[in-house]
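In what follows, a single structure is set out as structure tokens and then discussed.
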Amino acid sequence: MSIAYIGLGSNLGDRACYIRNAVALLEQGGASVLKMSAVTETDPVGGPPQHKFLNAVVKVATRLSPVELLDHCQAIEQKLGRVRTVANGPRTIDLDILLYDHLAMDTPQLKIPHPRMFERAFVLEPLKEIEPDLLEESLNARRKIR
């Protein structure tokens, strides 16, 4: 069983409902949620002017490979109505694989650790909340792939 951390964000419609539904769908597809941070409201980072986000991070146990987990996350986004029209634009739901075990990978399809997670307080604070010692480990993994 592998451990992964997934960032969730929503800034369209019933944001809290989208977060709850995404967590439930993660569990239905082979990812058991072990911990979840508080859901917090944050300002958008990058992209066009848009509404504030609700963000959270979950820690999951999964037998899915990193690519299978990515496929599962993207299927959840599609099921919950995400439409990708503008880069970093408004979205019903966004799921990002932040970390997966101690893996460092950099492919066109998937980068782990997530390349922008260290620049985003809306990721770092929830991670710190659920796993206080994890960030130092993650920074070391990030250095390995640079």
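One gets the numbering used here by counting positions in the sequence shown from 1 and adding 1 to each.
All C-beta atoms, glycine included, are put in the ideal place defined by N, C-alpha and C.
What you are looking at is a predicted structure, and each value in this text was computed from that prediction instead of being measured.
8 Å contact criterion, which residue i and residue j should meet: CB distance rounded
| i | j | result |
| --- | --- | --- |
| I20 | V40 | 6 Å |
| V58 | I7 | 7 Å |
Spatial distance of residue i from residue j (CA atoms)
| i | j | result |
| --- | --- | --- |
| E132 | V87 | 33 Å |
| Y101 | I4 | 6 Å |
| N1 | C74 | Since the first and last residues shown for the chain are 2 and 147, residue 1 lies out of range. |
| V61 | P45 | 25 Å |
| F54 | L136 | 23 Å |
| R117 | G47 | 11 Å |
| Q51 | P127 | 22 Å |
| A17 | A122 | 19 Å |
| M2 | L13 | 34 Å |
| H115 | M106 | 9 Å |
| G24 | D134 | What sits at residue 24 in the sequence shown is Val, not Gly. Spanning the two alpha carbons is a distance of roughly 24 Å. |
Check whether residue i and residue j have beta carbons under 8 Å apart
| i | j | result |
| --- | --- | --- |
| N22 | L81 | yes |
| S11 | R64 | no |
| E130 | S38 | yes |
| E78 | I94 | yes |
| L104 | V124 | no |
| A32 | L71 | no |
Which residues DSSP lists as bridging residue i, in chain order
| i | result |
| --- | --- |
| G10 | N56, D95 |
| A5 | V61, Y101 |
| D107 | K112 |
| V34 | V61 |
| E42 | L55 |
Notebook entry, point to check: Okay, do the stretch 12 to 31 and the stretch 105 to 114 touch, 3+ Cβ pairs below 8 Å being the bar?
Noted result: no
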